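Here the sequence shown is numbered in the working numbering, starting from 9 and rising by one per residue.
A quick write-up on the structure given underneath.
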Amino acid sequence: MFPSLAHIPWHVFCRVSLQHRAPLSQLSPRFNQLCYGWQSGGIHNLWFSLPDCRVASLGLGKVQYYSTSGSSDDGPPKSASGDAPSAENVLSAAVKATPASIGPTSQGLTKTETIQVKVRAVLKKREYGAKYTKNNFITAVRALNEFCLKPSDLEQLRKIRRRSPHDDTEAFTVFLRSDVETKALEVWGSQEALARERNLRKEVEREYIENIFRNQQLLKEYKDFWGNTKPRSVQRATFSQGPGKVVMVAICINGLNFFFKLLAWFYTGSASMFSEAIHSLADTCNQALLALGISQSVRNPDAGHPYGFTNMRYIASLISGVGIFMMGAGLSWYHGIMGLLHPAPIESLLWAYCILAGSLVSEGATLLVAVNEIKRSAQLHGVSFHEYVMQSRDPSTNVVLLEDTAAVLGVIMAASCMGLTSLTGNPQFDSLGCLGVGTLLGSVSAFLIYTNTAALLGRSIQPERVQKLTEFLENDPAVRAIHDVKATDLGLSKVRFKAEVDFDGRVVTRSYLEKQDIDQILNEIQQVKTPEELENFMLKHGENIIDTLGAEVDRLEKELKQRNPEVRHVDLEIL
């Protein structure tokens, strides 16, 4: 009788039998109630049945009205006056529009003919509000700390296994926050009692923090009592090889040089010898500061410093550069200027020459140790000697290298100026040597301050290395594009990599389906008959696909670290 309507998924059809074209007012009261819904501006929730109708159960949605003439406009037809038409007018309009499409043999509806009203089923949009934590997961540690529960309280709650965010574990147990909150109210009786317990525990924690030094002392005594030797062995290993060894050798040699140069200055009164003594003292103090920075940089990360303490070496080197400028260059300039303004005769310089010769040998030995260590490290990282020094990859060794280089040049400069003074008898040459040593120290300190400040600000790694990391991600089939790449040098050849990743949802979904029983999924699809069943099906597999996406992120981060050992922290954000 009527032309078939276009197929649209999840349509339901309401068939209203018209017997002898009776007025609509004579039909079922529930149909009149439906008509009233049309007149009041549209229906948002339909559940109606008539003796002669078959109607589907619908969620909240929007009703579309279709006439038999093929019009697909949404909403009820408008009357001339602009008011919503009655139900009788709605169906009468559809009946009147029918003959043109049916043909000349059918000018009206017979007893057995029907009118089809097509309705679209749309799921209700849920309003979650500004704060929604019903489906949140929390760990056992948070449940115990934030809700003041005991481990025995959690044994009765539902346990859910989720994918672990940590590399060393594949899965871990979490709890529904709503279950934990309910259990906390059951244990404490009310929110007020729970709040009082939280405040009490915060007070206890505050008292513990106030007595932290006493607690640390007790902990140290406890470790000493049980023979805790592991930290000591780590400390010994730190200063027995690598930069630690270079720094310790430099401290010993510069300390001896300072002592002998100071004796020579007392004996001769030479301004150049004074500047050399100050130079050795500054080197000794700065290298002791470097040793402190090295010992602090090997500490394990904690809650307050999740990325560790590697920057302590840069901080110590920066302070060392400032110390060289203030203590070494400043005092040398001051003493040199005073020597030019108030020249004084110099005693025999024989002992001064002997001490400078010994200092040249010792400073040269320390310089050789630093050069060999930098060559070894540069070869290990695949860069040149110059690049390794300019990029300040190892600030502690750089400081020793530059200080000893300045020391060797300073000894040669001081000996030359003292020789001119001995030949000419003019003490101003010695003062000029003091100013030259001060200028040399100032240049070294400026270089150290610049390079270590740049490292502490978080500089990027070389563009070639960034391109290598980006290409690795782009070559993965699950990745469509990489955006906003940031690769930061954390110091000591450690890199933090961050990028926005546009994943291919089809590849991720296919990866999920490859691990599923396809026959079971097809069976589930065939059993879907209502919008509620569709929602449950999509929620189940949608959550699993999101977990698969998270697993893909973990896989990429793990492979990126394995192929590039210098990358210690990877942060891939889903675009």
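Heads up, the beta-carbon is just placed ideally off N, CA and C, and yes, glycines get one too.
Computed from a predicted structure; not experimentally measured.
Simplified DSSP assignment, three categories, for residue i
i: K506; result: strand
i: L35; result: At L35 the pLDDT is 45, less than 50, meaning the model places this residue with poor confidence and gives no usable figure here.
i: K494; result: strand
i: R206; result: helix
i: T461; result: helix
i: L500; result: coil
i: Q487; result: The question names Gln, but residue 487 is Val in the sequence shown. V487: strand per DSSP, three-state reduction.
i: A179; result: strand
CB-CB length for residue i against residue j, believed under 8 Å
i: A486; j: L580; result: Rounded, the Cβ-Cβ distance is 11 Å, inconsistent with contact.
i: T276; j: A360; result: 5 Å
i: G336; j: H394; result: So it is not a contact: roughly 25 Å between Cβ atoms.
i: T496; j: S468; result: 6 Å
i: S453; j: I332; result: 4 Å
i: Q295; j: N262; result: 6 Å
i: L368; j: D412; result: Rounded, the Cβ-Cβ distance is 11 Å, inconsistent with contact.
i: A2; j: I363; result: Residue 2 lies beyond the range of the chain shown here (9 to 583); nothing can be said about it.
i: T517; j: I490; result: About 21 Å; that fails the 8 Å criterion.
i: A290; j: G347; result: That pair is no contact at about 19 Å.
i: S328; j: L297; result: 5 Å
i: V509; j: L481; result: 7 Å
i: A179; j: R169; result: 5 Å
i: E574; j: K502; result: 6 Å
i: H577; j: R473; result: Contact doesn't hold; Cβ gap of about 15 Å is too wide.
i: L326; j: L464; result: 7 Å
i: L152; j: T318; result: The pair is not a contact, with the Cβ atoms about 32 Å apart (cut-off 8 Å).
i: V416; j: G372; result: 6 Å
i: V195; j: D161; result: 6 Å
First and last residue of the uninterrupted beta strand (DSSP E) at residue i
i: I332; result: Here I332 belongs to no beta strand (DSSP E), and DSSP marks it neither H nor E.
i: E581; result: V575 to I582
i: L348; result: Run containing L348: none in the beta strand (DSSP E); it sits in the alpha helix (DSSP H), G338 to L349.
i: F545; result: Premise fails: F545 lies in the alpha helix (DSSP H), P539 to R571, not in any beta strand (DSSP E).
i: R170; result: I168 to R171
Boundaries (first-last residue) of the alpha helix (DSSP H) holding residue i
i: V369; result: L358 to H389
i: T478; result: P471 to E482
i: L193; result: R185 to W196
i: Y520; result: G513 to L521
i: A148; result: A148 to E154
i: L162; result: P159 to L162
i: D2; result: This structure cannot speak to residue 2, because the chain is shown only from 9 to 583.
i: N531; result: I526 to Q534
Complete runs of the alpha helix (DSSP H) confined to the region 392 to 455 [at least 4 residues]:
393 to 398 and 403 to 432
Identify every run of the alpha helix (DSSP H) within the region 238 to 307, keeping only runs that are complete inside it and at least 4 residues long; order them along the chain.
238 to 246, 250 to 276 and 279 to 305
Notebook entry, point to check: Would you call the region 443 to 463 and the region 405 to 424 touching, i.e. three or more CB-CB distances under 8 Å?
Noted result: yes
Cβ pair count under 8 Å reaching 3, the region 177 to 189 against the region 145 to 159: yes
Take every Cβ of the region 386 to 398, pair it with every Cβ of the region 299 to 309, and state whether three or more of those distances are shorter than 8 Å.
-> no
Whether or not the region 282 to 294 and the region 440 to 450 are in contact is what I'm after, with contact meaning three or more pairs of Cβ atoms, one per stretch, closer than 8 Å; do they touch?
yes
Do three or more CB pairs link the region 176 to 185 to the region 140 to 148 at distances below 8 Å? yes
Are the region 557 to 570 and the region 522 to 539 touching, with three or more C-beta to C-beta distances below 8 Å? no
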